[in-house]
Every structure is written in C-alpha cells, then in structure tokens.
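Asker: One structure follows; several queries about it will come next.
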Amino acid sequence: MYINYDVLNITNGNTKIIDTEFGRMKIEKIEAGRLKIKTGKIIATDPILMYDDESYSERVKPGTYVVNIYVGKTENRKKQTVVSELRINDNEPVKWEMALLKGESSKGFSRDEFMGYEVENGLGCFMDESVMETLDVMDDAELDTYEKSIKDAVKSNEYSCADIVIDKKNGCNIVVFATGWNEGTFPTYYGYDKNNKLSRLVTDFMVVEL
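Counting from 1, position 69 in the sequence shown corresponds to residue 1366 in our numbering; the numbering is continuous, with no gaps.
Spelled out as structure tokens, the structure:
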C-alpha cells in the first residue's frame, strides 16, 4: 500500500522544511475553514466533478472540525497544497491507515498501490454527507451558481481555499482547496492516536514523492 509517512506527519506541526525533487520546500499551515459535520459521515471529493460521492467507512461525532491545508513552496515554483487535513482531535497519530469506503479493502496492495478520489478541476474538498445530498438535487442553474461561487472564492484567496455554506438552514458547508498537481487521483488516510481514536483525516496530493 502506498503511504508516505513523511508527508502525513507534516500534520503534527513539527515539519517546517521538507526535501523534494525540486529542492527544499518550506511548509506553511493554513486554516482553510471549519467544517460542520451533521451526520458523522465524511466525504472527500472534487467539489465540481463529484464523481466520488460516497462517505468514508469511519464515522465521527457530529460537530464542527478545523480543516487545515499545508502549503509548500520551493524556490522558483508556485505554492502547492501538499496535504489537506480534517482534524478530529489534537492528539498525534501513532498509526495511519488508508481511508476507504464501506466494503473496500487495501489488503494485498503492493507498495505503490492505493485508492483515492479523482480530481479533474484542480480542487478537492471535505463535506458532510448531507451536503452531497443537497447538491444531488440541485438543478442545472443551481449547480452553475454553485460551481461559480466555488471558483470565485478559491481564486480570490491567497492560498486557494474557501469555506462556503451550502445549506443555509442548518449551516452545513464545504471546505475547498487547491490540489497539489491539479489533476489526478489522490489517497486519503485515517490517523489514529495512542488510544486508537481517529485523530485526523488527511489527503496526500503527492507533491512530495516517496
């Protein structure tokens, strides 16, 4: 199974510089938003493509959780989102596992194999399952407005991220961010603390190679 511990452990806050094939990369932690979780079911996906519309098998307690992005910058290259993180608690993970949908398994994967969500629009996001249900019933005009609001919000932000309320009645939102290489398929991982409690959900945008 593909898993880059050096990248995932950036979320512990101890990594300020990491070596890459493009040179030394400075890492900056940015709070992208605060995600309201109503159902306890989390989806990570391209917010425009929405091809990956199922929630992960792990559930969390309903509440509001911080979403961070860790942005990398090397000399003579633009900023890139290295990882995105939905932080469940502040405990450091001692174990990482691939985040999968119900019924999926990573058993038998080779070192470079993984499952992840597909990105075609250079954007990823975290959302509650209830938000996807809202998006699923939007008509074409509503979806056009939704897509424009996302693109405009991300474009106007220095770090290419945005926190956008989708359901004004219950305050459920979507936290969107640029993906490191724009297009591709990117794996997400569960980080568990020493008490075997889910500490964070992290997507590796594979900017930094193994």
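Heads up, the beta-carbon is just placed ideally off N, CA and C, and yes, glycines get one too.
Check for me: the beta strand (DSSP E) holding V1428 runs from which residue to which?
Answerer: Careful: V1428 lies outside any beta strand (DSSP E), inside the alpha helix (DSSP H) at E1426 to D1433.
Asker: Which ranges does the beta strand (DSSP E) cover as unbroken runs of at least 3 residues, wholly within the region 1380-1421, from first to last along the chain?
Answerer: The region 1380-1421 contains these whole beta strand (DSSP E) runs: 1392-1395 and 1413-1416.
Asker: Give me the residue from E1480, F1411, V1473 and Q1377 with the minimum Cα distance to M1322.
Answerer: It is Q1377.
Asker: Indicate the three-state DSSP secondary structure (helix, strand or coil) for V1505 in the structure shown.
Answerer: V1505: coil per DSSP, three-state reduction.
Asker: Can at least three beta-carbon pairs, one atom from the region 1410-1427 and one from the region 1331-1349, be found at a separation below 8 angstroms?
Answerer: The region 1410-1427, when compared against the region 1331-1349, does touch it at the 8 angstroms Cβ threshold.
Asker: List the DSSP bridge partners of E1328.
Answerer: N1365.
Asker: Which residue's Cα is closest to the Cα of L1346: T1482, G1405, N1386 and V1504?
Answerer: Taking only the C-alpha atoms, the option nearest L1346 is T1482.
Asker: Using the C-alpha atoms, what's the distance from K1392 back to K1399?
Answerer: Roughly 20 angstroms separates the two Cα atoms.
Asker: Taking T1482 as part of the beta strand (DSSP E), name the residues at either end of that continuous run.
Answerer: Unbroken beta strand (DSSP E) run through T1482: G1481 to Y1489.
Asker: Quickly, what does DSSP pair M1322 with across the bridge? List them, please.
Answerer: BP columns for M1322 point to I1315.
Asker: Starting from D1441, trace the beta strand (DSSP E) both ways and give me its first and last residue.
Answerer: Element bounds for D1441: not the beta strand (DSSP E) but the alpha helix (DSSP H), D1437 to K1452.
Asker: Measure the C-alpha to C-alpha separation of D1501 and V1304 and round it to an integer number of angstroms.
Answerer: D1501 and V1304: Cα-Cα distance of roughly 7 angstroms.
Asker: Quick one: what's got a C-beta closer than 8 angstroms to A1450's C-beta in the same chain, skipping five residues either side?
Answerer: Excluding sequence neighbours, A1450 sits near A1459, I1461 and V1473.
Asker: When the Cβ atoms of the region 1306-1314 are set against those of the region 1378-1392, are three or more pairs found closer than 8 angstroms?
Answerer: These segments touch.
Asker: Three or more beta-carbon pairs under 8 angstroms between the region 1338-1358 and the region 1400-1419, yes or no?
Answerer: Short answer: they touch.
Asker: Between V1357 and L1507, which are expected to be in contact by the criterion C-beta below 8 angstroms, what is the C-beta distance as a whole number of angstroms?
Answerer: Contact doesn't hold; Cβ gap of about 29 angstroms is too wide.
Asker: Taking the Cβ atom as the reference point for each residue, do V1499 and Y1489 lie within a distance shorter than 7 angstroms?
Answerer: Contact: no.
Asker: Residue range of the alpha helix (DSSP H) that D1303 falls in?
Answerer: Start and end: Y1302 to L1305.
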